[in-house]
Amino acid sequence: MNHDTWVEAALANPDLVDEIYSKYSKDPNSVDSSWHFAFSQAIPVKQTIAQSISSDQRIYDLIEAYRIYGHLQADINPIALDPIQEPIQLKLDHLGFQSNELSQLFPTFGLLPTATAPLQQIVDTLKSIYCGKIGIEYKSIENPELEEWLQQRIEPTRFKTELTIDQKKMVLQQLNHSELFETFIHTKYTGQKRFSLEGGETLIPMLEAVVETGNDLGVQEFVVGMAHRGRLNVLSNILRKSHADIFSEFEEGYIPNSFEGSGDVKYHKGFSSEVTLKSGQRIKIALAPNPSHLESVDPVVEGQTRAKQILRNDQTQKVVMPVLIHGDGAISGQGVLYETLQLYKLPGYATGGTLHFVINNQVGFTTTPEESRSTRYCTDIARAFSAPVFHVNAEDPEGCVYATNLAVEIRQKFHCDVFIELNCYRKYGHNEADEPAYTQPLEYQLIRKKRPIRELYRDQLIQEGTLEKDLAESLEKEFTQELQSALQESKQKVSATGKEERGQPDSVETIHTKVPQETLVAIAQRISTVPEGFTIHPKLNNLVQERLSMIQEGNKPIDWGMAELLAYGSILWDGKDVRLSGQDCRRGTFSHRHAVWVDQAKEQTYIPLSNLKEGQGRFDVINSPLSEYAVLGFEYGYSVANPRALVIWEAQFGDFCNTAQVVLDQYIATSEQKWGQKFSLVLLLPHGYEGQGPEHSSGRMERFLILAGEDNMRIVNPTTPAQFFHLLRRQILHPQLKPLVVFTPKGLLRHPECVSSLKDLSNGSFQEIIEDSLDKSKVEKLLLCSGRIYYDLLAEREKQKMQNCAIVRLEQLYPLDKEHLKKILQQYAGLQECLWVQEEPRNMGAWGFLHEQLQALLPKQMTLRYVGRERCASPAAGSYVLHKKQHADILNAIFKG
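Each residue of the sequence shown is one higher than the one before, counting from 2 in my numbering.
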């Protein structure tokens with residue numbers, strides 16, 4: 002019996018072996034001679050077992066150490082200035098091994114085909130798997146099934162999968178196209194910005210692998226988001242945008258040196274195409290437009306993906322896949338990525354996992370990694386979301402493609418995010434005219450000596466006999482000739498370029514939004530019916546029955562909350578989709594909506610608007626996480642991909658929307674003019690001065706009005722439930738798709754005067770301006786206003802019994818219907834004074850935007866007078882007493898001044 006057999010027997014049945022050993026110690030001949038060798042070593046059974054367990058534990062710890070820490074020793078940096086150091090976690094002495102044990106046999110725990118192997122062989126195997134050109138982090142993903150799956154995929158193959166000869170040639174061809182495209186532009190358009198991919202051109206065969214492998218695994222459409230680095234290369238080689246079209250945008254006659262008005266620079270634009278794959282199948286790829294706010298596109302892509310999945314009825318979320326391409330500086334420094342990642346498991350936002358590429362060229366403009374992050378890797382954010390991370394070396398194209406294929410499989414099988422960090426370098430400065438050696442002299446000494454990855458891989462294939470040198474040269478020459486032909490074609494395209502179109506004026510024609518009364522009654526009944534066995538909250542039940550009576554009795558006033566639900570119901574009734582998301586929007590911050598009921602006994606939910614009738618539209622009402630930036634970006638992306646759905650984002654208070662200012666400025670206000678995107682997203686921003694302080698009073702109306710131009714949006718401050726009802730219906734029915742910004746009420750939700758009749762809903766339409774019913778011939782003073790202050794003015798006028806003071810409400814602030822307003826003003830023949838009244842400070846609200854326009858409509862001898870709070874740094878007073886005084890001052894200035 003040899004040592005290994007003895008150990009196995011001792012471990013399997015120590016009591017029996019102990020008994021045999023006891024007999025042997027008394028009389029060796031009393032036991033079978035096969036035991037003599039083991040017992041002659043004079044090692045007690047328990048000590049032998051202890052030694053074996055100790056060895057097993059050490060070797061198990063060794064294997065686990067490499068699985069956990071092997072990436073720290075991986076050769077992933079193509080421009081490493083310092084040699085790779087072995088981390089202490091992988092040192093044999095740290096793991097309890099002695100140098101004289103390297104030739105000793107140890108159990109392999111399935112790592113190798115044999116049950117045991119010398120320690121040196123085990124270590125060499127682990128290094129080849131975990132410390133080669135690919136590093137992997139997967140032991141903290143909190144998914145045992147995925148962890149086991151990955152180990153089974155990478156350990157038997159030692160993280161290498163041989164590509165076929167055709168596959169290797171295809172990788173080389175993609176590297177050819179990637180690098181030669183860049184060098185051609187660099188030669189023909191010297192000094193022009195393009196944000197070259199050179200140094201990281203392996204991204205192109207990696208993305209090609211995503212498309213091919215993804216399609217093999219069921220993907221039919223990709224939605225891609227990326228910043229400017231390598232964007233033109235991706236457009237050319239992945240989305241197959243023609244070289245002539247790309248080159249034409251470099252021509253001076255096509256793109257001015259600076260933009261004014263519509264359009265955007267070439268490395269921000271998006272593109273969509275259908276690409277033919279090797280199999281002959283066609284697949285859709287959309288690259289979302291992206292501003293210079295690098296990570297801002299992340300939630301936009303997720304929103305577009307979610308909308309496309311719903312439109313395709315992609316319930317498995319395997320048909321449409323999001324792909325995000327980051328830079329190392331941006332992924333570390335910009336918090337919107339964290340907000341976006343937080344969405345990936347949430348029911349209202351999940352897209353089935355995202356594939357993340359990080360182009361880590363190890364510098365951000367001039368900033369070093371040590372200056373840009375506090376973590377070892379720029380991808381360390383992935384750990385918070387249990388996402389596996391592959392660290393790859395751009396100079397190992399085959400390893401990069403292999404890791405990419407694994408990542409696609411993981412996403413499709415496990416529906417999780419996966420990160421691939423492409424460690425590479427940036428051949429030039431931040432742009433091609435920049436000098437990088439000012440700040441990274443040693444790094445760029447090394448980079449300037451680097452041979453292109455294409456040449457390295459070409460020589461590798463020639464050396465291994467996969468490719469003939471003549472064929473390699475002919476492939477390069479052929480592609481260069483193709484680029485030269487495209488250059489000539491591009492110059493012809495420039496000469497034919499016409500003037501860019503601007504935004505078209507918003508139609509002032511009336512959109513018919515009335516709904517038959519019997520339909521409204523049917524909707525009201527269905528949204529007020531409590532399902533059998535459902536325990537509704539008593540207070541909610543009272544509210545539901547009260548709202549039902551508003552419709553059934555026909556003469557009771559309808560409040561804001563009911564009008565809103567009827568608007569959604571009528572849209573759904575017609576088969577159109579409604580999506581509403583925001584913080585606490587299911588119930589409503591002000592407890593006015595109650596779109597979702599919760600069973601008081603079982604805590605199960607019921608959504609009345611999802612149970613109207615067969616064939617109705619889809620209704621999603623979603624409590625969002627405590628995020629504005631990512632959530633608004635998501636909803637914008639959703640609306641772009643499904644512009645005919647009523648997509649609504651509601652801020653908890655309008656004051657909070659400024660944390661999403663990038664989305665407002667770079668996307669919502671400008672995307673039609675920059676990128677030609679049409680969408681109809683609605684923003685609900687609770688707004689109103691009611692003594693709640695500087696953070697709960699203002700939706701920052703002035704900022705939206707500053708953004709208004711070229712008919713890029715509609716900005717509305719409605720004052721009645723019927724107006725809100727017709728406004729929402731107008732948005733879904735309007736032929737011209739525009740974003741809608743609505744300043745919604747808070748106190749008016751329960752104001753006794755802020756009500757409408759059933760007839761107001763079943764007839765009429767949205768009114769941009771609401772006139773006063775006073776006898777116009779008696780009016781001497783005219784108050785122009787917008788929003789909730791109207792009710793204060795109305796109450797004070799009645800209190801003062803002033804019949805010569807009319808109040809006209811501007812419900813739509815932009816676009817302003819000047820012709821209609823001019824006609825109204827002309828009817829006041831005896832007008833002596835005209836005032837603009839607002840509750841916001843003078844430097845806020847609508848005054849700054851409107852006063853010149855309104856003044857131009859008045860008679861020349863009349864000056865428009867401002868009444869409102871004086872200029873303030875803060876939007877509202879923190880003291881309720883001060884708020885009341887300021888409010889009284891406004892009313893006194895009008896009625897007692």
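For glycine and all other residues, C-beta sits at the position ideal for the given N, C-alpha and C.
Whole-angstrom C-beta distance between residue j and residue i, which should lie under 8 Å
i	j	result
L462	K134	The Cβ separation is near 17 Å, so there is no contact.
L198	S179	6 Å
E410	L218	7 Å
T514	L312	Going by Cβ atoms, the distance from T514 to L312 rounds to 25 Å, so no, they are not a contact pair.
W561	P746	7 Å
Y630	T606	The pair is not a contact, with the Cβ atoms about 28 Å apart (cut-off 8 Å).
Rounded C-alpha distance that separates residue i from residue j
i	j	result
A709	V599	41 Å
L112	Q121	13 Å
V235	E209	10 Å
A568	R810	22 Å
D507	D761	Any reading at D507 must be qualified, since the residue scores a pLDDT of 49, below 50, and its modelled position is unreliable; no value is offered.
K242	G304	24 Å
P437	N291	25 Å
Q546	A723	20 Å
A564	F725	7 Å
L794	L785	10 Å
N394	D76	7 Å
S26	Q58	30 Å
A847	E703	6 Å
Q854	K823	11 Å
S297	F358	16 Å
A408	I421	8 Å
I512	S766	7 Å
Nearest to residue i (by Cα), restricted to the options the options
i	options	result
H884	I895, H727, L728, G689	G689
S778	K614, L826, Q526, G677	L826
P719	P29, G430, Y815	Y815
K675	G264, D578, T188, W150	G264
Q601	I311, N314, H538, Y630	H538
G869	V882, N844, G879, L855	N844
T306	K270, F635, Q617	F635
I891	R68, G879, V838, N713	V838
H1	P695, E146, C417, I130	As shown, the chain starts at 2 and ends at 898. That puts residue 1 outside it, with no answer to give.
Q485	A351, V390, T341, I247	I247
A646	Q667, R619, V632	R619
I286	N612, G400, S375, S273	S273
H431	V390, K309, G231	G231
D578	G616, S698, E371	G616
Q221	E213, L541, L686	E213
Three-state class that DSSP yields for residue i in the structure shown
i	result
I80	coil
H727	helix
C379	coil
Q264	Looking at the sequence provided, one finds Gly at residue 264 rather than Gln. Correct three-state label for G264: coil.
S1	The shown model of the chain, from 2 to 898, leaves out residue 1, and the question about it has no answer.
S280	coil
D435	coil
R872	coil
P860	coil
D33	coil
Q662	helix
K577	coil
Q105	coil
A228	coil
T188	helix
T481	helix
Y345	coil
R587	coil
F98	coil
At least 3 beta-carbon pairs within less than 8 Å: the stretch 827 to 839 vs the stretch 717 to 734 | no
Do the stretch 186 to 197 and the stretch 459 to 478 touch if we need at least three Cβ pairs shorter than 8 Å?
-> no
How about the stretch 364 to 373 and the stretch 435 to 450: do they share at least three Cβ pairs that are nearer than 8 Å?
-> yes
Taking 8 Å as the threshold, find out whether the stretch 581 to 591 comes into contact with the stretch 639 to 653 through three or more Cβ pairs.
-> yes
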